[in-house]
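The numbering of the sequence shown is this note's numbering, which starts it at 53 and goes up by one.
By construction, the Cβ of each residue, glycine as well, lies at the ideal position given by its N, Cα and C atoms.
Just so we're clear, the structure is a prediction, and the values are computed from it rather than from any experiment.
The structure under discussion appears below in the form of structure tokens.
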Amino acid sequence: MKDVIVIGAGAVGAFIARNLSRFNLNVLVLDKDNDVCNATSCANSAISHSGYDPVPGTKKAKFNVLGNQMMEQVCKELDVPYEQIGTLTVATEEAQLKTLEELKERATINGVPSEIVDQARLREMEPNISEEALGALYCPTGGIINPFLLTCHAMENALDNGVELALNQEVKDIKKVSDHFVVYTQDKEYESKVVINAAGVYSDKIAAMIEPIDWFITPRKGEYYVLDHFKGEFVNHVVFPLPSAKGKGVLVSKTTSGNYIIGPSSEPMDDRECVACDSLTLANVKQQASMLIKNIPFYQQIRVYAGLRATPSTHDFIIESSKSEPAFINVAGIESPGLVSSPAIGKYVVEELVSKVLKLEENKNYKKNIKPYTKPLDLSNEERNALIKEHPEFGRMVCQCEKVSLGEILEVLHRKLPCNSLKALKKRTRAGFGKCQGGFCQPISVSIIAEEKEIDVSKVSYDKDGGYFAPYKSNKGGKR
Ligand SMILES: Cc1cc2nc3c(=O)[nH]c(=O)nc-3n(C[C@H](O)[C@H](O)[C@H](O)COP(=O)(O)OP(=O)(O)OC[C@H]3O[C@@H](n4cnc5c(N)ncnc54)[C@H](O)[C@@H]3O)c2cc1C
């Protein structure tokens, strides 16, 4: 019998798990995919929003502001790239200047520092701002994060502190039996005193397994362009238009890896899995971005991608025990700004909701810092040479575009957090993220995964199990 089962291994599930591991509890995380961070948490804008935008008094406002305040420290503990580059919300029409004032008031109520900058200052801050830009709301505490490592490292830290993770376990039903729950997946059943629903776009389906609910989730797709990293600061801040009923609008930003992202669109969907992009939507994204920033070098485009927001019919995050079962906790409808909010949501769920139904006893062995990773690119030449002399695998480049060595790949394949696919490797190391999009390194990575996992290359998937990269048996039996 588990004390707590968490359904969903996205950013929210990972931070709930990490916070649960601060206490002496028997915790299991279930996810239907073969990796953590494989749904919305891996396909978003990766902005640590300051919190100027959510309506004051909402859960979105509360957890956004708290999460952003926690982000720098959390990223230090979990070794996650984070840069507080600030955000600019830009007015391009006279009438919008008044809206900037209203947004500033909202920022003040939410406790977020902000300042209105005029056209001249805006041009100094962003030399590529469009000619139409008239002024902006500057929020210096906004920033950018690596969403893959934020989620993966939060989960790895939870595992290091005793949490268990079961992948490829899709929850199909949940029943209350006397004083506990039985959670049924496609091939197993698990018993637990407490169940936490952090299932993203499926969180309404999971909630409805316990009782009738009066809310629902609409997946809302956002599509993006990714530009390569290139010399010169093309934008220095996260640049947004004014927010609308559809969300925060199409932004232009650099990422913690030095790439640039442009997007997202905002379209309601019926399908909870479809993350395909289409050319008409992307053309619209391009047009909207070009109203903010001039001469965007779209010729540097290396990829497009899309993510699905779990938009709740309540218009606010749902973070509470279910009506009939205090030990069944919904953490649902966590659309944007859910990534930045996730550290604060994880803490709240454990300290304020789980504590009401379970006795929390401190885990004296809890370690808040993740075990260190070897990062050859962060070393001086002398240090790197010494590392390669002792461990030659750190001198063998696998991904030439992103400069990822064999040593780094071997390291992630042997850590506590399972790494079972090419996409899992990509999220953790960036191998395959570069200009050639894995054309060079992915065949090599497939054979490394096969050899280290002692499986045939034909069994290495790109993403979900069954989506094999090279569906033919190798005559080397998986040896590279
Ligand atoms: C286009 C876009 C832009 C965004 N930009 C930002 C931003 O800049 N900043 C920000 O703070 N937020 C942003 N967000 C929001 C943020 O990405 C999400 O709020 C956050 O990632 C949600 O995390 P989650 O863990 O709730 O969901 P997910 O990451 O989707 O995780 C849910 C998990 O549940 C699992 N699951 C589902 N059903 C089952 C089942 N039946 N059994 C087992 N497992 C199941 C899934 O496999 C998945 O792994 C954006 C979102 C989108 C789509």
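Min CB distance residue i to chain B below 7 Å
i	result
SER100	No chain B appears in the structure shown, which is made up of a single protein chain.
Residue i and residue j closer than 7 Å at C-beta
i	j	result
ILE313	VAL278	yes
THR270	PRO320	yes
PHE268	ASP280	no
VAL253	ARG324	yes
ASP55	LEU77	yes
ALA535	VAL512	Outside the displayed range of the chain (53 to 532) lies residue 535, so it cannot be described from this structure.
ASN90	HIS101	no
SER318	LYS300	no
VAL79	LEU72	yes
VAL392	GLY119	yes
ALA341	VAL302	yes
PRO378	VAL401	no
VAL229	PHE380	no
ILE440	VAL450	no
ARG74	TYR418	yes
ASN86	LEU219	yes
Under the three-state DSSP convention, the category residue i falls into
i	result
GLU377	coil
PHE200	helix
ASN417	coil
ASN249	strand
GLY62	coil
ALA172	helix
GLY351	What sits at residue 351 in the sequence shown is Tyr, not Gly. Correct three-state label for TYR351: helix.
GLY390	helix
MET53	coil
GLY195	strand
PHE485	coil
ILE68	helix
MET207	helix
PRO320	strand
GLY385	coil
PHE115	helix
MET177	helix
LEU35	Any question about residue 35 goes unanswered here, given that the chain covers just 53 to 532.
LYS283	coil
VAL402	helix
GLY103	coil
GLY459	helix
ASP505	The sequence given here places Lys at residue 505; Asp does not occur at that position. Of the three classes helix, strand and coil, the one that applies to LYS505 here is helix, per DSSP.
ILE137	coil
TYR276	strand
Check: residue i C-beta below 6 Å from any heavy atom of ligand 2
i	result
PRO293	Ligands present in the displayed structure are limited to ligand 1, and ligand 2 is not among them.
Of the listed residues the options, nearest to residue i (C-alpha basis)
i	options	result
ILE345	ILE354, LEU360, VAL290	VAL290
GLY315	ASN336, SER296, ASP323, ALA328	ASN336
VAL509	GLU463, CYS488, SER473, ARG482	SER473
VAL81	ASN347, ILE397, GLU222, ALA379	GLU222
THR144	SER432, GLU184, LEU211, ALA251	GLU184
LEU152	PHE292, ASP266, PHE75	PHE292
ILE500	GLY301, LEU477, GLY214, LYS419	LEU477
CYS493	CYS191, GLU454, PRO470, LYS516	GLU454
PRO470	GLU124, ALA210, PRO428, PRO389	ALA210
GLY187	GLU403, THR141, PHE286, ILE99	THR141
HIS205	ASP239, PHE67, ARG272	PHE67
ARG158	GLN352, VAL215, PRO108	PRO108
GLU463	CYS451, PHE446, LYS475, GLN452	PHE446
GLU193	ILE371, PRO199, GLY103	According to the sequence shown, residue 193 is Thr rather than Glu. Ranking ILE371, PRO199, GLY103 by Cα distance to THR193 puts GLY103 first.
LYS375	GLU167, LEU458, ILE262, PRO165	ILE262
ASP231	ALA218, LYS245, GLN238, ASN220	LYS245
GLU180	GLY385, ILE496, ARG436, GLY284	Sequence inspection shows Asn at residue 180; the Glu mentioned does not correspond to that position. The shortest C-alpha separation from ASN180 is found at GLY284.
LEU294	PHE286, THR139, TYR351, GLU176	THR139
Identity of the residues DSSP links to residue i by a beta bridge
i	result
PHE233	LYS228, SER244
ASN120	For ASN120, which the question treats as bridged, DSSP gives no partner whatsoever.
PRO364	ILE269
ILE345	ILE181
GLY299	SER296
GLY163	DSSP output for GLY163 lists no bridge partner at all.
Beta-carbon separation (whole angstroms), residue i vs residue j, contact threshold 8 Å
i	j	result
PHE369	LYS112	6 Å
ILE57	TYR236	About 11 Å separates the two Cβ atoms, so there is no contact after all.
PRO364	MET122	The pair is not a contact, with the Cβ atoms about 23 Å apart (cut-off 8 Å).
ILE59	ILE258	6 Å
GLU208	ILE422	6 Å
LYS468	ASP212	6 Å
VAL356	LEU334	6 Å
LEU189	LYS156	6 Å
ALA328	ASN198	No, ALA328 and ASN198 are not in contact; Cβ-Cβ is about 24 Å, not under 8 Å.
GLY62	THR92	6 Å
THR426	GLY459	6 Å
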